[in-house]
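K.L.:
Chains as they are written, first to last, in our numbering: chain Z, 4 to 320; chain U, 76 to 394.
Structure below; questions to follow.
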Amino acid sequence: MTQAVVPVSPAGQTTELKNPRRGDRAKPARAPRSWRGWGFVGPFMLVFALVFIAPIAYSLYISVFRTQLVGGTQFVGLDNYTRAFGDPQFWDGVGRVSLFLVIQVPIMLGIAMLVALAIDSGRLYGKDFFRIAVFMPYAVPAVVAALMWGFMYGPRFGLVGYINDFMGWSIPNPLGPQWILLAIGNIVTWSFVGYNMLIFYSSLRTIPTSLYEAAALDGAKEHHVIRHIKMPAIQGSIAVALIFSIIGSFQLFNEPSILQKLAPNSITTYFTPNLYTYNLSFSGQQYNYAAAVAIIMGVFTMVIAYVVQLRGTRKDA
Amino acid sequence: MTTTASTPRPTGTTAGDAAATTPRSAAPRLRSRRAHSVDKPRRNVLLTVLTAIVLLYALVPLAWLVISSSKTQADLLSTFGFAPGSSFALFENIANTLAYNDGIFLRWLANTLLYVVLGAGGATLLAILGGYGLAKFTFPGKKAIFAVVIGAVAVPGTALAVPQFLMFSQMGLTNTPWSVIIPSLISPFGLYLMWTFATQAVPTELMEAARMDGASEARTFAQVALPLLAPGTVTVLLFTTVATWNNYFLPLIMLKDPQWYPLTIGLNAWNAQASTVGGQAIFDLVITGSLLTIIPLIAAFLLLQRYWQSGLTAGSVKE
Chain Z
4 MTQAVVPVSP AGQTTELKNP RRGDRAKPAR APRSWRGWGF VGPFMLVFAL
54 VFIAPIAYSL YISVFRTQLV GGTQFVGLDN YTRAFGDPQF WDGVGRVSLF
104 LVIQVPIMLG IAMLVALAID SGRLYGKDFF RIAVFMPYAV PAVVAALMWG
154 FMYGPRFGLV GYINDFMGWS IPNPLGPQWI LLAIGNIVTW SFVGYNMLIF
204 YSSLRTIPTS LYEAAALDGA KEHHVIRHIK MPAIQGSIAV ALIFSIIGSF
254 QLFNEPSILQ KLAPNSITTY FTPNLYTYNL SFSGQQYNYA AAVAIIMGVF
304 TMVIAYVVQL RGTRKDA
Chain U
76 MTTTASTPRP TGTTAGDAAA TTPRSAAPRL RSRRAHSVDK PRRNVLLTVL
126 TAIVLLYALV PLAWLVISSS KTQADLLSTF GFAPGSSFAL FENIANTLAY
176 NDGIFLRWLA NTLLYVVLGA GGATLLAILG GYGLAKFTFP GKKAIFAVVI
226 GAVAVPGTAL AVPQFLMFSQ MGLTNTPWSV IIPSLISPFG LYLMWTFATQ
276 AVPTELMEAA RMDGASEART FAQVALPLLA PGTVTVLLFT TVATWNNYFL
326 PLIMLKDPQW YPLTIGLNAW NAQASTVGGQ AIFDLVITGS LLTIIPLIAA
376 FLLLQRYWQS GLTAGSVKE
């Protein structure tokens, strides 16, 4: 019995040593309530008001007007909004990003979670290399990622064409209209798997070792530890990653915009709602209508992100 | 300590696990688990191989980019993607990329650096100040700030960019560096990160001690808090740098003059050149330029690993 206790105690001591520090942190800041904090927060909020709040207010303002070559600008109330709700091109884009969301996001976050758990388990050879290498695509700009994958997909000097020739297969053209969404999903997954992995991994690292020791004492196996210790502990970061991924999906723009040059027949001007507002504004000069479409998408995104957040926090019991 | 070291029984864990219910039989099993499981678990070949699939997925396109950068345009179109070309043209390609169109690539690089230094640097500064203020002070309107900033993250880029463009054009700022720099100054993610980091990294007692000694708030911040915030600062700086360096949408709408393009927009323009009527296809330059664009960021991430990773794992009890 005493023998069994001995190896446990050093770890027990280290957690005890760290406890006072944790206790400190748990205490709320005791600074008195005053305006002094604004001296620090003020600069951020000032610029924030200029580049976030003012444009949103301006957007709301112009969305209730209509500008025509003949007749100038006139107040039209909610006309732009009702037009958007009846606009098949807008709904086509919404449908596409929603499909993208329900397929790409679970795959990406699932892979990220598995890799984070694998690295955190400490059972990998060379785990530091894994962590940094899987994260590396995050540092690659969307432009470069899309061009690179676009070239690889491409029939002209792409890999797909070569593999088809060499193996005698007939893999369909990933840049064709039917497969383009999947091709984009792959680029986004490639870019952000490592980033999400790092979010999960950082969160896993904050679980105190003493919990694992207690679990080991109880004879828990790895899958028990994952289910009952690790997953509940990182619930918060899962919700954060999910919300950011939802926002990212609804805002899908860069990859389709860049691939458009390589696959002009597959990517329409209203491929995603963001692409649609961009083209409405800068090719069509329909700023008022574009503002209404963008606001609808913004509200839509916030509502879904909010619902996910509520569900995410309620789930942990 | 000696008991742990003297019982290297790495294989004893799996079989006895389920059967071990009494404390007596649990004792030796525990010891072998202690030696391998909690601090230093056994390495697993199968798990390593499975995870390596994701590793390959992450690295293979980068390998393609490096290999392709060493090919001439003729080889690009005629040889297999992962096979070397008939000649090793990497240095030739780099020279061509830098020289093309009177060295416009270097101009774009300089622009990108300008946007990063002022945009990402400024964003980091504002995030440090704001995060520290939110973490260490209670003041009227604090809750509202939280709600507004978090809500703002969900607003689509175009919802902002279009009115930003219209506002900036009325102020005469479009097609100038300011139109890219000013919007880059706000990083809600950076603010959030500094906020959580400052909450943990700066002990309130230390701030109070400084105040007791008669230090002003500015001095307390500069001399007490700032050094403690260093790992978080590196993290935020790195992430805002990536966001600015990789920014595509904002400069795309704000800038018309190629002289002010950052690298991302420039590369896209080079790529588009092939599909314009009479335009010369310069895929070799697009690919080599892409490689040159990502190298500084990858190098920064690799060199600063310890700092940004400790910033992200802020408050970790385990390490």
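Just so it is clear, CB atoms sit at the ideal spot from N, CA and C, and this is done for glycine as well.
Note that this is a predicted model, so its numbers are computed, not measured.
Measuring CB to CB, does residue 297 of chain Z end up less than 8 Å from residue 249 of chain Z?
P.N.:
Result no, Cβ atoms of residue 297 of chain Z and residue 249 of chain Z do not sit closer than 8 Å.
K.L.:
Applying a beta-carbon distance threshold of less than 7 Å, which residues of chain U neighbour residue 264 of chain Z?
P.N.:
Result: 346, 347 and 350.
K.L.:
My assumption, with CB atoms under 8 Å, is that residue 271 of chain U sits in contact with residue 285 of chain U. Please give the rounded CB distance.
P.N.:
Actually they do not touch by this definition, with Cβ atoms about 22 Å apart.
K.L.:
If the cut is a Cβ gap below 9 Å, which residues of chain Z does residue 317 of chain U touch?
P.N.:
The answer, in chain order, is 141, 142 and 144.
K.L.:
Among residues of its own chain, excluding the 5 on either side of residue 267 of chain U, which ones have a beta-carbon nearer than 7 Å to its beta-carbon?
P.N.:
No residues qualify anywhere along the chain.
K.L.:
Consider the Cβ of residue 256 of chain U: report whether some Cβ of chain Z lies at a distance smaller than 8 Å.
P.N.:
No, because no Cβ of chain Z sits closer than 8 Å to the Cβ of residue 256 of chain U.
K.L.:
Nearest chain U C-beta to residue 256 of chain Z closer than 8 Å, yes or no?
P.N.:
Yes, contact with chain U.
K.L.:
If you draw a straight line from the alpha carbon of residue 292 of chain U to that of residue 223 of chain U, how long is it in whole angstroms?
P.N.:
For residue 292 of chain U and residue 223 of chain U, the distance between alpha carbons rounds to 26 Å.
K.L.:
Who pairs with residue 334 of chain U in a beta bridge, going by DSSP?
P.N.:
Paired residues: none, contrary to the question.
K.L.:
Go through its chain and collect everything with a Cβ distance to residue 193 of chain U's Cβ below 6 Å, but skip five positions before and after it.
P.N.:
Taken in chain order, the residues that qualify are 256.
K.L.:
Does the stretch 253-269 of chain Z come within contact of the stretch 148-158 of chain Z, defined as at least 3 CB pairs closer than 8 Å?
P.N.:
Touching, yes, given that three or more Cβ pairs across the two stretches are closer than 8 Å.
K.L.:
Any beta-carbon of chain Z closer than 8 Å to the one on residue 321 of chain U?
P.N.:
Yes - at least one Cβ of chain Z is within 8 Å of the one on residue 321 of chain U.
K.L.:
Just the C-alpha distance for residue 264 of chain Z and residue 122 of chain U, rounded to the nearest angstrom, thanks.
P.N.:
Answer to the nearest angstrom: the Cα atoms are 40 Å apart.
K.L.:
Which runs of the beta strand (DSSP E) fall wholly inside the stretch 27-90 of chain Z and span at least 3 residues, in chain order?
P.N.:
Taking only runs of at least 3 residues, the beta strand (DSSP E) segments lying wholly in the stretch 27-90 of chain Z are 68-71 and 75-78.
K.L.:
Less than 8 Å separating the beta-carbons of residue 363 of chain U and residue 168 of chain U?
P.N.:
A contact, by the Cβ cut-off of 8 Å.
K.L.:
By how many angstroms is the C-alpha of residue 38 of chain Z removed from the C-alpha of residue 288 of chain U?
P.N.:
So the alpha carbons of these two residues sit roughly 21 Å apart.
K.L.:
Cβ of residue 191 of chain Z within 7 Å of any heavy atom in the ligand ADP?
P.N.:
By its list of ligands, the structure shown contains no ligand whatsoever, and the ligand ADP lies outside what it can speak to.
K.L.:
Using 8 Å as the threshold, is the stretch 297-304 of chain U in touch with the stretch 225-241 of chain Z, meaning 3 or more CB pairs across them?
P.N.:
No: fewer than three Cβ pairs fall under 8 Å.
K.L.:
Report the rounded CA-to-CA distance for residue 76 of chain Z versus residue 62 of chain Z, giving the unit in angstroms.
P.N.:
C-alpha separation (whole angstroms): 15 Å.
K.L.:
Could you tell me whether the stretch 165-183 of chain Z touches the stretch 334-352 of chain U, using the rule of 3 or more Cβ pairs below 8 Å?
P.N.:
As far as the Cβ criterion goes, the stretch 165-183 of chain Z does not touch the stretch 334-352 of chain U, which means the pair count is below three.
K.L.:
Sorted by chain position, which residues of the same chain lie with C-beta nearer than 8 Å to residue 148 of chain U's C-beta, five sequence neighbours on each side aside?
P.N.:
Around residue 148 of chain U: 356, 357, 358 and 359.
K.L.:
For residue 336 of chain U and residue 110 of chain Z, I'd like the C-alpha separation in whole angstroms.
P.N.:
Residue 336 of chain U and residue 110 of chain Z: Cα-Cα distance of roughly 35 Å.
K.L.:
Applying the criterion that 16 or more other CB atoms from any shown protein chain within 10 Å of the CB defines a buried residue, is residue 384 of chain U buried or exposed?
P.N.:
Residue 384 of chain U should be labelled buried.
K.L.:
Leaving aside the five residues before and after residue 243 of chain U along the sequence, list all residues of the same chain whose C-beta is less than 6 Å from its C-beta, in chain order.
P.N.:
Closer than 6 Å at the Cβ level, and outside the excluded window around residue 243 of chain U, lie 249 and 254.
K.L.:
The alpha helix (DSSP H) spanning residue 144 of chain U covers which residue range?
P.N.:
Residues 120-144.
K.L.:
I'd like the list of long-range same chain contacts for residue 219 of chain U, defined as Cβ closer than 8 Å, with 5 residues on each side in sequence excluded.
P.N.:
So no residue of the chain qualifies.
K.L.:
Quick one: which residues of the stretch 116-129 of chain U get their C-beta closer than 9 Å to a C-beta of chain Z? List them in chain order.
P.N.:
Hits within the stretch, in order: 116, 117, 118, 119, 120, 122, 123, 125, 126, 127 and 129.
K.L.:
In chain U, which residues lie with their C-beta within 9 Å of the C-beta of residue 59 of chain Z?
P.N.:
Within chain U, the residues near residue 59 of chain Z are 227, 230, 234, 235 and 238.
K.L.:
Give the straight-line distance between the Cα atoms of residue 153 of chain Z and residue 94 of chain Z, rounded to the nearest whole angstrom.
P.N.:
Using only the alpha carbons, I get a separation of about 26 Å.
K.L.:
Going along chain Z in order, which residues have a C-beta closer than 9 Å to the C-beta of residue 376 of chain U?
P.N.:
Those within 9 Å of residue 376 of chain U in chain Z are 135, 138, 139, 141 and 142.
K.L.:
Kindly confirm or deny that the stretch 102-122 of chain Z and the stretch 172-180 of chain Z touch, where touching means at least three C-beta pairs closer than 8 Å.
P.N.:
With the cut-off at 8 Å, the stretch 102-122 of chain Z and the stretch 172-180 of chain Z do not touch.
K.L.:
Under the three-state reduction of DSSP, which class applies to residue 255 of chain Z: helix, strand or coil?
P.N.:
Residue state, collapsed to three classes: coil.
K.L.:
Residues of chain Z with CB under 8 Å from residue 207 of chain U, in chain order?
P.N.:
In chain order: 43.
K.L.:
Just mark residue 100 of chain Z as buried or exposed, buried being the case when its beta carbon has 16 or more other beta carbons within 10 Å.
P.N.:
By the 10 Å Cβ count, residue 100 of chain Z comes out buried.
K.L.:
So residue 359 of chain U is in the alpha helix (DSSP H); what residue range does that whole segment cover?
P.N.:
358-378 is the extent of the alpha helix (DSSP H) around residue 359 of chain U.
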